[in-house]
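Enquirer: Terminal number for the sequence shown in the UniProt record's numbering: 85, no gaps in between.
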Amino acid sequence: MKATAFSNQALIEIDGLSEHLTSITGTYGNYAGMVVITSLSFITNLTTYGPFGTATGTSFSIPIEGLVVIGFQGRGGHYLDATWT
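1. Applying the 10 Å Cβ sphere with the 16-neighbour rule, what's the burial state of residue 47?
2. Starting from residue 61 and walking both ways along the beta strand (DSSP E), at which residues does that stretch end?
3. Please go through the same chain and pick out, in chain order, the residues whose beta-carbon is closer than 8 Å to the beta-carbon of residue 28, but skip the five residues on each side of it.
4. Is it right to say residue 6 is buried, meaning 16 or more other beta carbons lie within 10 angstroms of its own, or is it exposed?
5. Excluding five sequence neighbours on each side, which residues of the same chain lie with their C-beta closer than 7 Å to the C-beta of residue 32?
6. What residue does the beta strand (DSSP E) around residue 43 start on, and which one ends it?
7. DSSP has residue 52 in a bridge; who is on the other side?
Structure, rendered in structure tokens:
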């Protein structure tokens with residue numbers, strides 16, 4: 001388990017043996033006429049990483065049950081507007 005912040009970037013490494021991802025939560029809202037992700041948190045069986053960003057807008061939660069996530073990336077300028085695995 002390791003979390004490193006680089007100004008507006010963060011690297012979270014989860015070993016997958018003793019620690020595993022259980023859910024991704026966050027908020028989204030409108031900014032300049034676009035829907036953007038305003039905050040993200042990554043929840044494992046051991047701890048919570050985040051929230052990254054400011055928790056404003058509508059909440060969401062994505063359970064990670066019976067799945068294996070090997071990577072997660074996002075795209076954005078001032079705000080995160082897309083994510084993928």
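Backbone N, C-alpha and C define an ideal beta-carbon position, used for all residues, glycine too.
Here the structure is a predicted model, which is why all the values come from computation and not from measurement.
Expert: The relevant details are as follows:
1. So residue 47 ends up on the exposed side.
2. First-last of the beta strand (DSSP E) with residue 61: 58-63.
3. 35, 36, 37, 38, 57, 58 and 60
4. Bear in mind that the predicted position of residue 6 carries a pLDDT of just 42, short of 50, making it too unreliable to give a figure here.
5. none
6. 34-44
7. 40
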